[in-house]
Amino acid sequence: MFSLHDIAREIRKAWSGSAPLTATSLVMLVAFVGSVAGIFLDDRIITGVPAWLKPAKFAISTAIFCGTLAWLYRYIGVWPRFVRAMGWVVSATLILEVAIIDVQAARGATSHFNIGTPVDAVLFAVMGTAIVLLWLASIGVLIALFRQRFQNPAWGWWLRMGMFVTVLGSAIGGMMLRPTEDQVETLRAGNAVSTVGAHTVGAPDGGPGLAGVGWSTQHGDLRIPHFFGLHGLQILPFLGWLALRRRSNQKDHKQAGLAFAATVSYLSFAGILTWQALRGQSIVAPDSATLLALGLWLAATAIGGISLLRGATPAEYTSAVSSVTT
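So in the working numbering, spot 188 of the sequence shown is number 243, and the numbers just go up one at a time.
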């Protein structure tokens, strides 16, 4: 169990990595508590879910992201001014993003894709601009990670790959901005639309969803691969920590190979989720093609992982995986 002293010590360490990112993480934890309270105190429904569910999800996600990035900053010594500036950009854009989501929830309006009124359209445009800046800042951090030399090279690759996956996962969000077929037809008919884009594929947003997250249980949902992509920053370094802890005597190039293999597996899984969503298929109702893809992914991951853990060379690993996927 962590004591208050342990928690305070970890916060100080994160603060030494990036004060703005740590402060943003702490503020978002407070915002999360407030949003959870709003779920119970405010009975309004927006696109089929409690009005304050989305603010709660974004607050806790932002808290985790900024906290992880502040921790990651402790490993970056190159380009200190540039990296520090990127931390400020990430903090500012995410605070702005969550603030707009909260304002829209308080107004009883949707935040994403909403252009129903001039105010809604301006707020959505500001959110879009903020996210682009956030993505560019994340790329800046990724470049700094590639420039950084690590005392443990294998650990450095796990950190780089985690950030790399998160940058790619963020880009999936851009796929939600495309107008749906119904929206395109409405615009072609010369009529106005109140929303442009959607996270649901095959139906309007707001249908039945999984409890707690709202992911569609009847149609495709691009939020699912977006979610898994974003959290590569936490999952891959955690896997790296486990691998290095259990295989501390393994050579650096084999540890790096394991990091690359895990990244390929993770991206493949996110790719399957994206493919499933784009076909309008719910995550809880996979068809035979999706199940086959998942089976091949699982087999390739298992065989490749076991081969690398047993000390196979990269060529032997590639051969083992190819035997499953071809």
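Quick reminder that beta carbons are idealized off the backbone N, C-alpha and C, glycines included. Here the structure is a predicted model, which is why all the values come from computation and not from measurement.
Taking a contact as a CB-CB distance under 8 Å, the pair G261 and G103 counts as one, their CB atoms being some 4 Å apart. The beta carbon of L84 lies closer than 6 Å to those of A118 in the same chain, with the five residues before and after it left out. For D276, the three-state secondary structure derived from DSSP is strand.
Note: T255 is bridge-paired with D276 in the DSSP secondary-structure output.
Per DSSP, reduced to three states, the secondary structure at I170 is coil, with no helix or strand assignment. According to DSSP, residue pairing for S271 in a beta bridge involves G264.
DSSP places I155 in the helix class (H, G or I) of the three-state scheme. By a beta-carbon distance limit of 8 Å, F179 does not contact I186. Their separation comes to about 11 Å.
When the Cα atoms are used, P208 and G360 turn out to be separated by approximately 20 Å. Non-local C-beta neighbours of G217 in its own chain, meaning closer than 7 Å and more than five positions away in sequence, comprise G287, L288, L291 and P292, ordered along the chain.
Of the other Cβ atoms in all chains shown, fewer than 16 fall within 10 Å of the Cβ of D61; this residue is therefore exposed. Under the three-state reduction of DSSP, T77 is assigned to helix.
Between S90 and A111, the CB-CB gap stays under 8 Å. Residue environment analysis places F201 among the exposed positions, since fewer than 16 neighbouring C-beta atoms fall within 10 angstroms of its C-beta. Note: V104 is bridge-paired with I101 in the DSSP secondary-structure output. The bridge partners DSSP lists for T250 are N169. For P208, the enclosing alpha helix (DSSP H) begins and ends at P208 to I227. A straight-line Cα-Cα distance of about 8 Å links W210 and A311. Three or more beta-carbon pairs drawn from the stretch 259-274 and the stretch 317-337 are found closer than 8 Å, and the two stretches are therefore classed as touching. For A140, the closest of R204, P75 and W107 by C-alpha to C-alpha distance is P75.
Judged by DSSP in its simplified three-state form, I358 adopts helix. At a Cβ-Cβ threshold of 8 Å, D237 and H254 do not count as neighbours.
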